[in-house]
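Chemist: Provided herewith is a single structure, encoded as structure tokens, for subsequent inquiry.
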Amino acid sequence: MVDICSTLWYNEQQEGQVLFMTLGDRIKIRRESLGLTQEVLAQMLGYADKSSINKIEKGKTDIRQKRIMEFAAVLKTTPEYLLGLTDDPDGADCHWMFLKDYNNGYPIPAGLRDSIIAEHLKKLNAAKQQTLAEPSNISAVYDDHIRMVPVFESVSAGFGALAENSVVDFIPLRIVSDYEAAETICIRVQGDSMFPKIEDGDLIQVHKQDSVDSGDIAVVLLDGEEGLVKKVIYGPTWIELHSINPMYPVQRFEDADVLRLRVVGKVKRVIKEL
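Just remember that my numbering sits 1 ahead of the position in the sequence shown, which is counted from 1.
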């Protein structure tokens, strides 16, 4: 495999010191080279004001992978350049390009993707440690179990007609088991029936499985189409779907109606965004 990070994310200063170039640094360099102000760039990308761009350039705010592609398009460069995987702002000869192919519906070799990400994160962490002004006992730790998990915008997209082009993003999660990683997806929740534990817009980490224990929060398909996130309660001849929000009534399915339900996954984690 090509060593994608051996000389990247660095720039020589006049004094001969090595400067660590962050994503924010590269965005600022491209913005200034195009003669754009922070305010203009914010307008082009749909941000409310220039303060958002200022925080991104200073490394105070992270950017989603999908947003990085938008930044690259507006700044007339490539995601690879902004991520520090190439020093050429006009193109890249890098395996990381597989990661953007999901937007066109192409399958991404999971093993290749994970190994690239793990390698990049390790070297990025090592480079950061070299540039710290003072030693510290606290630092980020990366390992080989970081997986890029696909994100779907709805339960139906994730479990209905599953397709590569239904993926809207990827999120890095630490999952040790290869089997568990292959059976894990993330879904953006719509609605407030599970408030306050799960709010509208939250991401849920779901392990794909066809059964759960009574009392578990699960992803359920109703009539093979409608996707629901509910607490599942089993009875002798019935199944109940409970919402946490008391404003929503319990849904009870008895006898033959229980066949209308199909458990497709168990909610393992709720991921909230500020």
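Quick reminder that beta carbons are idealized off the backbone N, C-alpha and C, glycines included.
Helix or strand or just coil, what does DSSP make of F72?
Modeler: The answer is helix: DSSP assigns F72 an H, G or I state.
Chemist: Which residues mark the beginning and the end of the beta strand (DSSP E) in which D170 is found?
Modeler: D170 -> beta strand (DSSP E) spans 170-175.
Chemist: Identify the residues that DSSP records as bridge partners of F153: which are they?
Modeler: Note: F153 sits in a beta bridge opposite I188.
Chemist: Are the CB atoms of I64 and L24 nearer to each other than 8 Å?
Modeler: Cβ distance < 8 Å, so I64 and L24 count as in contact.
Chemist: Name the two residues that bound the continuous alpha helix (DSSP H) containing I199.
Modeler: Careful: I199 lies outside any alpha helix (DSSP H) and carries neither H nor E.
Chemist: Examine the ligand ATP and report whether any of its heavy atoms sits within less than 7 Å of the Cβ of L86.
Modeler: With respect to the ligand ATP, the structure shown offers nothing to examine, as it has no ligands at all.
Chemist: The alpha helix (DSSP H) with G225 in it runs from where to where?
Modeler: That residue, G225, is in no alpha helix (DSSP H); it is neither H nor E in DSSP.
Chemist: Taking all protein chains shown into account, decide if A58 is buried (16 or more other Cβ within 10 angstroms of its Cβ) or exposed.
Modeler: The sequence shown places Glu at residue 58, not Ala. Answer is buried; the Cβ neighbour count reaches 16.
Chemist: Can you find the residues in the same chain that come closer than 8 Å, C-beta to C-beta, to V150, ignoring five residues on each side of it along the sequence?
Modeler: Only F171, I172, P173, L174, I176, A182, T185, I186, C187, Q206 meet the Cβ criterion.
Chemist: Whose C-alpha, out of R68, M70, R31, is nearest the C-alpha of D89?
Modeler: Answer by Cα proximity: R31.
Chemist: Skipping 5 residues on each side, what residues in its chain have a beta carbon closer than 8 Å to that of S53?
Modeler: For S53, where only same-chain residues beyond five positions count, the Cβ hits under 8 Å are A43, T62.
Chemist: Here's the rule: buried if 16 or more other CB atoms are within 10 angstroms of the residue's CB, otherwise exposed. What is A219?
Modeler: Label assigned to A219: buried.
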